[in-house]
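Residue numbering for the sequence shown follows this note's numbering, beginning at 206 and increasing consecutively. Glycine included, every Cβ here is placed at the ideal spot set by N, Cα and C. Structure, as structure tokens:
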Amino acid sequence: MGFGTSPRTRLAALIVLIAVLLSWLLGSFINADLSRRLREESGRSLIELAYQMGDRLD
Numbered sequence: 206m207g208f209g210t211s212p213r214t215r216l217a218a219l220i221v222l223i224a225v226l227l228s229w230l231l232g233s234f235i236n237a238d239l240s241r242r243l244r245e246e247s248g249r250s251l252i253e254l255a256y257q258m259g260d261r262l263d
């Protein structure tokens, strides 16, 4: 950014960079939370299915 750009342009670029980084960070947290919830829910479903199958076999 040291090519004679104005302070206003530098400020705008900094704001855009911060917005992109915060968006990426927020997206990462949401993705991690949703992945965890999906694993837990699929685990519960598989436990319930195994219980039903075991119950039918008895």
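Look at the alpha carbon of G248 and the alpha carbon of Q257, and state the distance between them as a whole number of angstroms.
14 Å
Assign S240 to one of three DSSP states: helix, strand, or coil.
S240: helix per DSSP, three-state reduction.
Quick check: the Cα distance between R213 and L239, rounded to an integer number of angstroms?
39 Å
Return helix, strand or coil for G209, following the three-state DSSP convention.
coil
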